[in-house]
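Working notes for the structure below.
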Amino acid sequence: MNEFMRKLFKPKSVALVGATDREGAFGWFAAKGLMESAEHLRYYFVNQRKEELFGVKAYSDLSMLPEVPELILVAIPALAVNPLLEEAGELGIKAAIVYSSGFSEDHRCGGVELEKKLIEIAQKYDMKIIGPNCVGIINNVDKIKLWGSTGKIDMKTRATGMAVLAQSGGYTIGGVDRQQIDLSYAISSGNGNIVPIEELAEFCVEDPDVCGVCIYLEGVKKPEIFCRMLKKAAEKEKPVIILKSGRSKKGAISAASHTGNLAGANEVFDALFHKYGVITADTAEQYFGLVQTVSILKGKLPRHNRFAIINRSGGETTMSADLSERYGLYLPDLSEKVQDELNEILPAFATAKNPLDMTADVLGDAQKLRTLFEKIASDPNIDAIIAGFDFEDIPAETGYDMNAFMGEPLIEYRKKQDALPLFMIPQYESKRSPMWIMKLKEAGIPILPPGEIGYSVIEKLIQKMEYDPKRKRLESAVPNRKGEADVLTEYESKKELARYGLPIPEQWVVRNEAELEAACEKVGFPVVLKIHSKDILHKTEAGGVKLNLCSMEEAKAAYHDIMAKCAAYDPKAELNGVLVTKMIKPGVEIILGVKNDSQFGPMLLCGLGGVFVEVFKDTVLTPCPLSKEEALDQLKCLKAYKLLRGYRGSAPCDVRALAGLMQQISEYAVKNKDILEEMDINPVFVYPEGEGVSIVDAVIIKEPVD
1 MNEFMRKLFK PKSVALVGAT DREGAFGWFA AKGLMESAEH LRYYFVNQRK EELFGVKAYS
61 DLSMLPEVPE LILVAIPALA VNPLLEEAGE LGIKAAIVYS SGFSEDHRCG GVELEKKLIE
121 IAQKYDMKII GPNCVGIINN VDKIKLWGST GKIDMKTRAT GMAVLAQSGG YTIGGVDRQQ
181 IDLSYAISSG NGNIVPIEEL AEFCVEDPDV CGVCIYLEGV KKPEIFCRML KKAAEKEKPV
241 IILKSGRSKK GAISAASHTG NLAGANEVFD ALFHKYGVIT ADTAEQYFGL VQTVSILKGK
301 LPRHNRFAII NRSGGETTMS ADLSERYGLY LPDLSEKVQD ELNEILPAFA TAKNPLDMTA
361 DVLGDAQKLR TLFEKIASDP NIDAIIAGFD FEDIPAETGY DMNAFMGEPL IEYRKKQDAL
421 PLFMIPQYES KRSPMWIMKL KEAGIPILPP GEIGYSVIEK LIQKMEYDPK RKRLESAVPN
481 RKGEADVLTE YESKKELARY GLPIPEQWVV RNEAELEAAC EKVGFPVVLK IHSKDILHKT
541 EAGGVKLNLC SMEEAKAAYH DIMAKCAAYD PKAELNGVLV TKMIKPGVEI ILGVKNDSQF
601 GPMLLCGLGG VFVEVFKDTV LTPCPLSKEE ALDQLKCLKA YKLLRGYRGS APCDVRALAG
661 LMQQISEYAV KNKDILEEMD INPVFVYPEG EGVSIVDAVI IKEPVD
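In terms of UniProt numbering, the sequence shown opens at residue 1 and continues consecutively.
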């Protein structure tokens with residue numbers, strides 16, 4: 001832990017500037033938080049109008065304090081913040097949390113300029129600042145509450161839980177208030193222009209008292225730190241859950257290549273999350289369901305996607321089977337041994353299968369229920385159990401405690417050392433018993449949201465369970481691009497790729513009939529002719545492509561036809577001749593491309609290629625560089641993978657050669673990350689196993705190199 005982060009998260013002394021007894025103000029909440037903190041924390045209140053607050057002496061300014069505090073909390077109007085930070089810097093204070101709003105998030109009253117000045121002050125004094133426009137930090141590991149808002153948390157509880165981070169104060173508070181979340185840290189990063197959320201998350205990933213990290217994310221300020229944080233989490237097998245908002249379609253779209261149209265901002269974040277094994281949430285309900293579940297399981301997920309499901313009725317059993325199929329849960333058949341053992345417990349009219357309707361006969365017998373769970377858990381084909389039980393807030397006067405009948409056997413089962421992970425997914429919404437929610441939580445049993453949302457939470461966890469960081473190359477390739485890019489012709493693009501060892505057929509540029517004859521003799525018939533011009537990117541539309549020319553006469557006629565049609569297509573285009581290549585045998589058409597994202601660097605795109613690439617949009621995106629195993633995994637995500645593996649009698653394709661080509665292209669992209677903008681290789685012909693691949697067409701857009 002570096003000293004700056006220690007002062008922000010674990011300060012020995014704190015001064016609250018703007019402390020107040022005005023209930024509901026940031027300074028009031030922050031003062032209460034300091035008073036609730038551990039006894040070892042030395043804290044001071046600064047208020048120009050009060051000599052005492054809450055029985056604690058107040059000081060008129062920072063210079064009057066008995067010591068220079070390690071951290072200041074700032075709860076004063078925006079216009080007063082920068083002068084205060086100047087004063088703090090002169091005193092040698094190196095860390096601050098600024099609750100105040102009215103900075104770059106507010107364009108109406110000079111807030112942008114105020115924040116620019118705040119950043120200058122931070123740089124001048126080498127000061128780490130969280131905020132402005134934030135709620136602060138709760139450090140439940142060391143019992144330090146630097147929090148400027150509401151948030152129900154028992155600071156006496158042992159912290160071995162989640163780090164909840166958000167760029168929205170509301171989402172941080174939402175995480176704090178959830179009673180099923182064991183909290184280690186709650187962090188509101190605010191505007192985050194000095195200490196961004198990714199730097200705070202990296203601190204949490206490295207902390208052994210954190211079992212998982214969850215982030216409400218609007219954007220990333222420092223991509224290199226963000227990728228480094230995700231890499232550390234993947235290597236530590238520490239779950240990271242992200243709810244990404246602001247999923248706009250806007251971004252840099254280049255008409256020069258198909259890849260630019262397919263690789264927008266959403267796809268880049270999704271590809272990044274997939275590479276690093278991030279658990280992504282699509283909705284707030286799903287997000288908090290995931291956070292609660294990972295918190296209760298202490299980050300220890302089931303080993304494999306092999307679930308057994310137990311329900312109370314036949315209808316619930318049928319619905320759970322439907323939901324399992326919809327959300328990708330694998331329900332193996334129970335072993336014959338376990339089926340025989342269950343038949344001894346179940347009534348004669350019940351069937352021992354997965355999912356299981358245990359019937360009301362078992363539900364009313366605590367010993368039978370516990371034995372049933374133990375028998376199913378003993379099946380070597382099962383890694384986790386889902387029970388469709390609810391724990392309603394039943395009035396005491398009913399005289400029948402169904403919750404105890406269901407819950408106590410499950411809690412007893414979970415006490416076993418070899419107990420499998422156990423999830424409760426009710427079929428429908430109800431008012432749940434707070435007492436039983438806490439009892440089950442303490443036993444390590446999460447109650448998920450009901451029905452669809454609960455099963456969608458499991459689907460997201462499965463993606464993490466199946467993630468293997470050893471198959472990934474987790475280094476990042478954040479670019480440092482400065483100049484304007486230039487479009488290379490097909491000839492120039494292929495020549496560039498050939499220098500890096502990629503499989504490029506022999507090619508010649510000709511500008512007259514004599515050069516055409518010489519090229520055709522060297523290449524051998526049949527040949528392909530294409531226009532050679534930087535100004536004509538879509539050669540087919542311009543009439544600039546002629547295929548399967550089998551004689552010199554055909555080649556000469558095609559040459560003159562191409563030049564005439566392209567001149568008519570774009571009279572201003574500079575036509576630099578015709579490209580001559582061998583007519584190669586066709587194969588399965590695949591597109592490979594690279595989009596160099598301005599934040600996260602080159603992203604490799606692969607998918608079904610040819611002229612219909614933007615019609616079917618069967619593509620996947622992966623951050624570069626890739627390992628060969630990672631490339632193979634990405635190919636399996638394509639609908640077109642069936643074509644590659646052989647379909648309706650066709651021979652299986654050389655997918656290992658294709659994966660090797662993907663790896664080569666990703667390495668080229670990383671080496672050229674500071675000058676490359678985009679690359680399109682479409683199509684790549686993939687041949688039967690053992691016959692390799694061939695690049696048919698290519699376009700590279702990059703900055704010129706002197």
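The C-beta atom is built at its ideal place from N, Cα and C for all residues, glycine as well.
Hey, quick one: how far does the alpha helix (DSSP H) through residue i stretch, first residue to last?
i, result
"Gly314", "314-326"
"Phe45", "From DSSP, Phe45 is part of no alpha helix (DSSP H) but of the beta strand (DSSP E) over 42-46."
"Phe226", "223-236"
"Lys439", "434-442"
"Thr359", "359-363"
"Lys7", "3-9"
"Ala350", "Where Ala350 is concerned, there is no enclosing alpha helix (DSSP H), given that its DSSP letter is neither H nor E."
"Leu34", "26-36"
"Thr371", "366-377"
"Arg656", "655-671"
"Gln634", "628-636"
"Lys642", "641-644"
Per DSSP, residue i is paired with what?
i, result
"Glu541", "The partner list for Glu541 (beta bridge, DSSP) is empty, contrary to what the question assumes."
"Glu678", "Lys595, Ile701"
"Thr489", "Thr489 is not bridged to any residue."
"Trp147", "Gly136"
"Lys244", "Leu217"
"Leu621", "Leu605"
"Ile386", "Ile309, Phe423"
"Asp468", "According to DSSP, which records beta bridges pairwise, Asp468 is partnered with nothing at all."
"Trp508", "Val580"
"Ala58", "Phe45"
"Ile187", "Ile137, Leu165"
"Lys128", "Ala95"
"Glu589", "Phe685"
"Ser694", "Phe685"
"Lys530", "Val545, Leu579"
"Thr280", "Ile242"
"Leu272", "According to DSSP, which records beta bridges pairwise, Leu272 is partnered with nothing at all."
"Gly497", "Residue identity check: residue 497 is Leu in the sequence provided, not Gly. In the DSSP output, where bridge partners are listed per residue, Leu497 has none listed."
"Ile447", "Met424"
"Gly289", "BP columns for Gly289 are empty, so no partner."
Throw me the rounded Cβ distance for the residue i and residue j pair, which I believe falls under 8 angstroms.
i, j, result
"Arg626", "Gly607", "Here residue 626 is Leu; the residue named in the question, Arg, does not match the sequence. That pair is no contact at about 15 angstroms."
"Leu165", "Leu118", "With a Cβ gap of about 21 angstroms, Leu165 and Leu118 do not count as contacting."
"Lys50", "Ala38", "Not a contact, Cβ separation roughly 25 angstroms."
"Cys550", "Pro526", "5 angstroms"
"Leu516", "Tyr559", "5 angstroms"
"Val210", "Tyr171", "So it is not a contact: roughly 18 angstroms between Cβ atoms."
"Phe373", "Leu410", "7 angstroms"
"Pro450", "Gln427", "6 angstroms"
"Gly388", "Ile309", "7 angstroms"
"Ser295", "Met162", "5 angstroms"
"Ala19", "Leu53", "5 angstroms"
"Val615", "Leu632", "Between Leu632 and Val615 the Cβ distance is about 26 angstroms, and since that is not below 8 angstroms, they are no contact."
"Tyr491", "Val509", "5 angstroms"
"Val528", "Leu547", "5 angstroms"
Any heavy atom of the ligand FAD closer than 8 angstroms to the Cβ of residue i?
i, result
"Glu589", "The ligand FAD is not part of this structure, which contains no ligands at all."
Between residue i and chain C, is any beta-carbon pair separated by less than 9 angstroms?
i, result
"Glu429", "Looking for chain C here will not work: only one protein chain is present."
Which residues mark the beginning and the end of the beta strand (DSSP E) in which residue i is found?
i, result
"residue 710", "For the chain, the structure presents residues 1 to 706; residue 710 sits outside this window and is missing."
"Met402", "Met402 -> not in any beta strand (DSSP E); alpha helix (DSSP H) instead, spanning 402-414."
"Leu16", "13-17"
"Lys74", "The sequence shown places Val at residue 74, not Lys. Here the beta strand (DSSP E) through Val74 covers 71-74."
Touching by the beta-carbon criterion (3+ pairs, under 8 angstroms), the segment 687-698 and the segment 580-598: yes
Indicate whether the contact test is met: 3 or more Cβ pairs, each with one atom in the segment 295-304 and one in the segment 464-472, closer than 8 angstroms. Touching, yes.
If contact is defined by three or more beta carbon pairs under 8 angstroms, each pair taking one atom from either stretch, is the segment 284-298 in contact with the segment 239-246? yes
So, does the segment 204-223 touch the segment 566-581, judging by three or more C-beta pairs under 8 angstroms? They do not touch, by the three-pair rule.
Mind the definition here: the segment 99-116 touches the segment 128-145 only if three or more C-beta pairs lie below 8 angstroms; say whether that holds. The count of Cβ pairs closer than 8 angstroms, one atom from the segment 99-116 and one from the segment 128-145, reaches three, so the stretches are in contact.
Touching by the beta-carbon criterion (3+ pairs, under 8 angstroms), the segment 413-427 and the segment 375-390: yes
Could you check whether the segment 62-71 touches the segment 23-38, counting it as contact only if at least three pairs of C-beta atoms, one from each stretch, sit closer than 8 angstroms? no
Counting beta carbon pairs with one atom in the segment 478-493 and one in the segment 657-675, are three or more of them shorter than 8 angstroms? Output reads yes: the segment 478-493 touches the segment 657-675.
Could you tell me whether the segment 356-371 touches the segment 331-348, using the rule of 3 or more Cβ pairs below 8 angstroms? yes
For the segment 643-659 and the segment 451-458, state whether three or more C-beta atom pairs, one from each stretch, are separated by less than 8 angstroms. no
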